[in-house]
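*Asks:* Okay, handing you the structure first.
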Amino acid sequence: MGMDINTKKLKKNAFRVSKERGIGAARIRVPGGYLDAEILGMVQEISQTYGNGYVHLTTRQGFEIEGIRFEDMEAINKKLQPIIEKLEINQEEPGAGYPASGTRNISACIGNNVCPFANYNTAELAKKIEKKVFPNDLHFKIACTGCSNDCAKARMHDFGIIGMTMPQYDPSRCVSCQACIKGCRSLSVDALRMENYKIVRDTEKCIGCGVCITKCPTRALTRSKKKYYKLAIMGRTGKRNPRLGKDFLVWADEENIIKIILNTYRFVKEYISPNAPGGKEHIGYIIDRVGFEEYKKWALDGVELMPETILNDCIYWDGIHFDNQGK
Amino acid sequence: MGYQLTKTQMDELFRELSETYDLYAPVLMKGEGCFSETDVVRYGKVTSPDEIVWDRKSDYSYKETLLPINETLFYFTEDTASVPQGPKRDRLVFLRSCDLYGVKRLDEIYLKNGFSDYYYARIRERTKFVLMGCGTPCKSGFCVSMGTNRAENYDLYIKPDGELGYADCRCGELEEYFRKAGAVEARVVPDYAEENREQVTLPKKLSNESFTREIWNEYGARCIGCGRCNFVCPTCTCFTMQDVFYRDNEKAGERRRVWASCQVDGYTDIAGGISFRKTQGERFRFKVMHKIYDYEKRFGYPMCVGCGRCDDVCPEYISYSNCINRLAKEEEE
Ligand code: HEM
Ligand code: SF4
Ligand code: SF4
Ligand code: SF4
Ligand code: SF4
Ligand code: SF4
């Protein structure tokens, strides 16, 4: 009997068709790249039982278990169940494996669990977003990064969430040591200066990276109670026009960012090309076609920004154009 | 007199005390640490025992309650100068045994070293000290080695203990508050640290010869000159002067004194562009020698009280206590 497999269904189930006939790979998404080490043992077991003993650590912080045979998919899905449960992945049918793969794993840098530069818990936010958007077949890439260093390469995502903090300055604790000024100059954007022995922050220039706060020896500079984020949108890699995402919101809050992401799913459903291969079209190309003004209308539906949030009304993306070279 | 109080009486005591005194105590400043979602314990005003952090040594010492980080000495115009008023209320400062020994060092420098400093004296006169116990000694302190673990010159000792509270009052003025709160008399002895995890042996043969030790170069290469060790220290007393001319009218302004650090650039700069201790190694040497040698030569006891805060705060993990032990060990060899 010939091998009869619905590849569309298989892909949706987070398996991959490989270049070797009859052999695929099982993909495990790990939101925020943060997991109980126990899961590593489970991955090992699946790999050694059903795969070829090798695992690829994916660029989006998942595992890809290589060399699995398509006839084992059901058995593997059973083995994936405790992993899915431990990672608290939304799932409609227990035991049936991952329910979708279009919306990619929400990746994150290590964040404030470890990194002194980070401005928030990136894995926590990644999980929170995952809970809201997954499962979904639409091709969305979202990443959370702790600060403007952007170790998660959030700017190459449809939605790059970059942690910020608003420096709070208590002049009565400041000893004019200038560590903050030197820190901002050498590690960031040179937004600080001293006037009359006190620190003045150029609010137009400041990117809210928080470096100055980590340098202050007296706690004259501290983090804002509120957590802030930059939302950079529509960055991408790819064959036609790779480009960096541009700031849509600066000094934004978590709730509105999630709202905008959810609104974007509705926008894509409305405007995605009916001819999109595999039902997937990068959101950025849809916006290029439909126009940013139209996107903005959809994205900001029901969004009430905080007074300090800066909204960029017009965005032009550039990047490298391989699609119209010489034109 | 010693007292036992119920929780309600403790709250009442604090309420009553707050009527007359400003209470300064270690407080948890949530999210105000160096890094995201880290806290810092430093001094703030309180009105109840629950606001105080009892179970952890403060990251920054009580020092700022006696010696403000920024203090305006006087305001000036073209032809007048006026001194701002001192504190309007008496204050109670909650601190540990090592810190109370620190107060002795501040007094030595600001009250007894030639003349009495007007600004320090006027705050100091209005301050009483409330000892916090160290039944569970802090991790980094070495008060026992420094002989600063049993401070007895407190005005008040207070210890909350679940639903009860204990106090030992040695200040006549404060006794009435206990009577008002309805406290019952009891025998109360402060919890003192009997033993520390860290033990320090002071080198005994330091001299100007010690200047050339290799050890200073090693620390100099590691220290980034941030000054944190000085700012957290209960015994660092240095300040610098700042004359500020107001930007809207440069004919008026103020003179401030502001905490200074011997580790930070600019500390030894003088007119003519001269600077005395240029390298970080020289500065580190100066700090260590000042704490355990120079001060002692002048006043007869070391400056350092062994609170261990400088070890806790150093971003480069330089341990001053370890440095002292190394100096002592080098002497043996
Ligand atoms: C061998 C010569 C000199 C020595 C060793 C010397 C040393 C010092 C020292 C130790 C200070 C105290 C710095 C401080 O408190 O931060 C000082 C302050 C000062 N000196 Fe000299 N000095 C010398 C020559 C001069 C000369 C020639 C002038 C002026 C022409 C001068 C003007 C000043 C002034 C204006 C200050 C106050 C600066 C300040 O408080 O920041 N000095 N000097
Ligand atoms: S938060 Fe702003 S001022 Fe501080 S270092 Fe970053 S850019 Fe500079
Ligand atoms: S680092 Fe802190 S104390 Fe130093 S100048 Fe900046 S704000 Fe003032
Ligand atoms: S050094 Fe001693 S007195 Fe000071 S806090 Fe630690 S245990 Fe208490
Ligand atoms: S030198 Fe260090 S251990 Fe000694 S009193 Fe100062 S901060 Fe405490
Ligand atoms: S805290 Fe550490 S790095 Fe900073 S000045 Fe002191 S010894 Fe040097």
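So the sequences go chain by chain: A and B. For our numbering, add 5 to where a residue sits in the first sequence, where the first one is 1. For our numbering, add 66 to where a residue sits in the second sequence, where the first one is 1. Yeah, the Cβ is synthetic: ideal placement off N, Cα and C, and Gly gets one too.
1) Would you say residue 183 (chain A) touches ligand 3, meaning its beta carbon is less than 7 Å from a heavy atom?
2) Taking all protein chains shown into account, decide if residue 307 (chain B) is buried (16 or more other Cβ within 10 angstroms of its Cβ) or exposed.
3) What do you get for residue 155 (chain B), buried or exposed, if any count of 16 or more other CB atoms within 10 angstroms of its CB means buried?
4) Beta-carbon separation of residue 209 (chain B) and residue 262 (chain B) under 8 Å?
5) Taking just the CA atoms, how far does residue 143 (chain B) sit from residue 348 (chain B)?
6) Could you give the first and the last residue of the continuous alpha helix (DSSP H) run that contains residue 352 (chain B)?
7) Is residue 216 (chain A) near ligand 7, judged by its Cβ being under 7 Å from some heavy atom?
8) Any idea what DSSP makes of residue 136 (chain B), helix, strand or coil?
9) So which residues on chain E does residue 146 (chain A) lean against when the C-beta distance must stay under 9 Å?
10) How many Å lie between residue 399 (chain B) and residue 74 (chain B) at the Cα?
11) Mind checking if residue 135 (chain B) is an interface residue toward chain A, Cβ cutoff 8 Å exclusive?
12) Threshold first: 4 residues or longer. Then list the alpha helix (DSSP H) segments lying entirely within the region 91-176 of chain B, N to C.
13) Tell me the residue span of the alpha helix (DSSP H) that contains residue 74 (chain A).
14) Can you tell me the Cα-Cα spacing of residue 27 (chain A) and residue 108 (chain A), whole angstroms?
15) Is the Cβ of residue 3 (chain A) closer than 8 Å to any Cβ of chain B?
16) Within the continuous alpha helix (DSSP H) that includes residue 47 (chain A), where are the two ends?
17) DSSP on residue 31 (chain A), reduced to helix/strand/coil?
18) For residue 344 (chain B), is the classification buried or exposed, using 16 other Cβ atoms within 10 angstroms of its Cβ as the cut-off for buried?
19) Residues with a Cβ closer than 6 Å to any heavy atom of ligand 4, in chain order?
20) Can you determine whether any heavy atom of ligand 5 sits closer than 7 Å to the C-beta of residue 386 (chain B), and answer yes or no?
21) Could you tell me if residue 205 (chain A) is buried or exposed, where buried requires 16 or more neighbouring beta carbons within 10 angstroms of its beta carbon?
22) Quick one: list the residues of chain A neighbouring residue 106 (chain B), beta-carbon separation under 7 Å, in chain order.
23) Could you say if the region 322-331 of chain B and the region 289-297 of chain B meet the contact criterion of at least three C-beta pairs nearer than 8 Å?
24) Taking 8 Å as the CB-CB limit, is residue 98 (chain B) close to chain A?
25) Give me the chain B residues within the contact set of residue 218 (chain A), using Cβ-Cβ distance strictly less than 8 Å, ordered along the chain.
26) Express the C-alpha separation of residue 397 (chain B) and residue 391 (chain B) in angstroms, rounding to a whole number.
27) Compute every distance between the C-beta of residue 170 (chain B) and the non-hydrogen atoms of ligand 5, then say whether any falls below 7 Å.
28) From A:327, A:301, A:326 and A:313, pick the residue whose C-alpha is nearest to that of residue 319 (chain A); which is it?
29) Just reading off the alpha helix (DSSP H) that residue 376 (chain B) is part of, what are its end residues?
30) Check whether chain A comes within 8 Å of residue 327 (chain B), counting only Cβ atoms and requiring the distance to be less than that.
31) With a threshold of 7 Å on Cβ separation, who are the neighbours of residue 185 (chain A) within its own chain once the five nearest residues in sequence on each side are excluded?
32) Please check the pair residue 110 (chain A) and residue 152 (chain A), which I expect to be a contact at CB under 8 Å, by giving their CB distance rounded to whole angstroms.
33) Span of the alpha helix (DSSP H) holding residue 294 (chain B)?
34) Ordered along the chain, which non-local residues of its own chain (more than five positions away) have a Cβ less than 7 Å from that of residue 214 (chain B)?
35) So which residues of chain A does residue 207 (chain B) contact, with C-beta pairs closer than 8 Å?
36) Under the rule that 16 or more other beta-carbon atoms within 10 Å means buried, what is residue 1 (chain A), buried or exposed?
*Replies:* In brief:
1) Taking the first residue of the first sequence as position 1, residue 183 (chain A) is located at position 178. Residue 183 (chain A): yes, Cβ under 7 Å from ligand 3.
2) By one-based count along the second sequence, residue 307 (chain B) stands at place 241. With fewer than 16 other Cβ atoms inside 10 Å of its own Cβ, residue 307 (chain B) counts as exposed.
3) Mapped onto the second sequence, residue 155 (chain B) falls at position 89. Result: exposed.
4) Here residue 209 (chain B) refers to the residue found at position 143 of the second sequence. Here residue 262 (chain B) refers to the residue found at position 196 of the second sequence. Yes, the Cβ-Cβ distance between residue 209 (chain B) and residue 262 (chain B) is below 8 Å.
5) Counting from 1 along the second sequence, the entry for residue 348 (chain B) is found at position 282. Counting from 1 along the second sequence, the entry for residue 143 (chain B) is found at position 77. Distance between the alpha carbons of residue 348 (chain B) and residue 143 (chain B): 41 Å.
6) One-based indexing of the second sequence puts residue 352 (chain B) at position 286. Per DSSP, the continuous alpha helix (DSSP H) segment holding residue 352 (chain B) begins and ends at 346-355.
7) Ligands displayed in this structure: ligand 1, ligand 2, ligand 3, ligand 4, ligand 5 and ligand 6; ligand 7 is not among them.
8) As a working mapping, residue 136 (chain B) is identified with position 70 in the second sequence. The answer is strand: DSSP assigns residue 136 (chain B) an E or B state.
9) Included in the structure are the protein chains A and B, with no chain E among them.
10) Residue 399 (chain B) sits at position 333 when you count from the first residue of the second sequence. Residue 74 (chain B) sits at position 8 when you count from the first residue of the second sequence. Whole-angstrom Cα-Cα distance: 59 Å.
11) To locate residue 135 (chain B), count along the second sequence from 1; it is residue 69. Taking CB atoms only, residue 135 (chain B) has a neighbour in chain A less than 8 Å away.
12) You should have 129-132 and 163-176.
13) As a first step, residue 74 (chain A) must be located in the first sequence, where it is residue number 69. Per DSSP, residue 74 (chain A) belongs to no alpha helix (DSSP H); it is in the beta strand (DSSP E), 67-74.
14) As a first step, residue 27 (chain A) is located in the first sequence; it is residue number 22 there, counting from the start. As a first step, residue 108 (chain A) is located in the first sequence; it is residue number 103 there, counting from the start. A straight-line Cα-Cα distance of about 25 Å links residue 27 (chain A) and residue 108 (chain A).
15) Residue numbering for chain A in the displayed model covers 6 to 332; residue 3 (chain A) lies beyond these limits and cannot be assessed.
16) Walking along the first sequence from the start, residue 47 (chain A) turns up at place 42. Boundaries of the alpha helix (DSSP H) harbouring residue 47 (chain A): 43-55, taken from the DSSP string.
17) The residue you call residue 31 (chain A) lines up with position 26 of the first sequence. Looking at residue 31 (chain A) - three-state DSSP - the assignment turns out to be strand.
18) Here residue 344 (chain B) refers to the residue found at position 278 of the second sequence. Residue 344 (chain B) should be labelled exposed.
19) After applying the 6 Å Cβ criterion, the set is B:123, B:162, B:163, B:164, B:200, B:203, B:204, B:207, B:209, B:215, B:259, B:372, B:373 and B:374.
20) Looking up residue 386 (chain B) in the second sequence gives position 320. Correct: residue 386 (chain B) has its Cβ closer than 7 Å to ligand 5.
21) On the first sequence, position 200 is the one that residue 205 (chain A) refers to. Residue 205 (chain A) is classed as exposed because its beta carbon has fewer than 16 other beta carbons within 10 Å across all chains shown.
22) Walking along the second sequence from the start, residue 106 (chain B) turns up at place 40. Contact annotation for residue 106 (chain B) against chain A: 224 [CB-CB distance below 7 Å, chain order].
23) Yes, since at least three Cβ pairs between the region 322-331 of chain B and the region 289-297 of chain B fall closer than 8 Å, the two stretches touch.
24) Here residue 98 (chain B) refers to the residue found at position 32 when the second sequence is read from its first residue. Proximity of residue 98 (chain B) to chain A, defined by a Cβ-Cβ separation below 8 Å, is satisfied.
25) The residue you call residue 218 (chain A) lines up with position 213 of the first sequence. For residue 218 (chain A), the chain B residues whose Cβ falls inside 8 Å of its Cβ are 100, in order along the chain.
26) Residue numbering aside, residue 391 (chain B) sits at position 325 when the second sequence is read from its first letter. Residue numbering aside, residue 397 (chain B) sits at position 331 when the second sequence is read from its first letter. The straight-line gap from Cα to Cα measures roughly 10 Å.
27) Here residue 170 (chain B) refers to the residue found at position 104 of the second sequence. No, since every heavy atom of ligand 5 falls outside the 7 Å radius drawn around the Cβ of residue 170 (chain B).
28) As a first step, residue 319 (chain A) must be located in the first sequence, where it is residue number 314. Shortest Cα-Cα distance from residue 319 (chain A) to any of A:327, A:301, A:326 and A:313 involves A:301.
29) For this step, residue 376 (chain B) is matched to residue 310 along the second sequence. Note, residue 376 (chain B): alpha helix (DSSP H), 375-379.
30) Locating residue 327 (chain B) in the second sequence gives position 261, where the first residue counts as 1. With 8 Å as the cut-off, residue 327 (chain B) counts as an interface residue toward chain A.
31) Taking the first residue of the first sequence as 1, we reach residue 185 (chain A) at position 180. Answer for residue 185 (chain A): 197, 204, 217, 220, 221 and 226, listed in chain order.
32) As a first step, residue 110 (chain A) is located in the first sequence; it is residue number 105 there, counting from the start. As a first step, residue 152 (chain A) is located in the first sequence; it is residue number 147 there, counting from the start. With 8 Å as the limit, residue 110 (chain A) and residue 152 (chain A) do not qualify as a contact, their Cβ atoms being about 21 Å apart.
33) Numbered from 1 along the second sequence, position 228 holds the residue referred to as residue 294 (chain B). Run containing residue 294 (chain B): 294-298, per the alpha helix (DSSP H) assignment.
34) Position 148 of the second sequence holds residue 214 (chain B). If the five residues before and after residue 214 (chain B) are omitted, its C-beta is found closer than 7 Å to the C-beta atoms of 163, 164, 167, 371 and 372, all from its own chain and listed in chain order.
35) Here residue 207 (chain B) refers to the residue found at position 141 of the second sequence. Here the premise fails: no neighbours, minimum Cβ distance about 21 Å.
36) The question about residue 1 (chain A) has no answer, for chain A in this structure spans 6 to 332.
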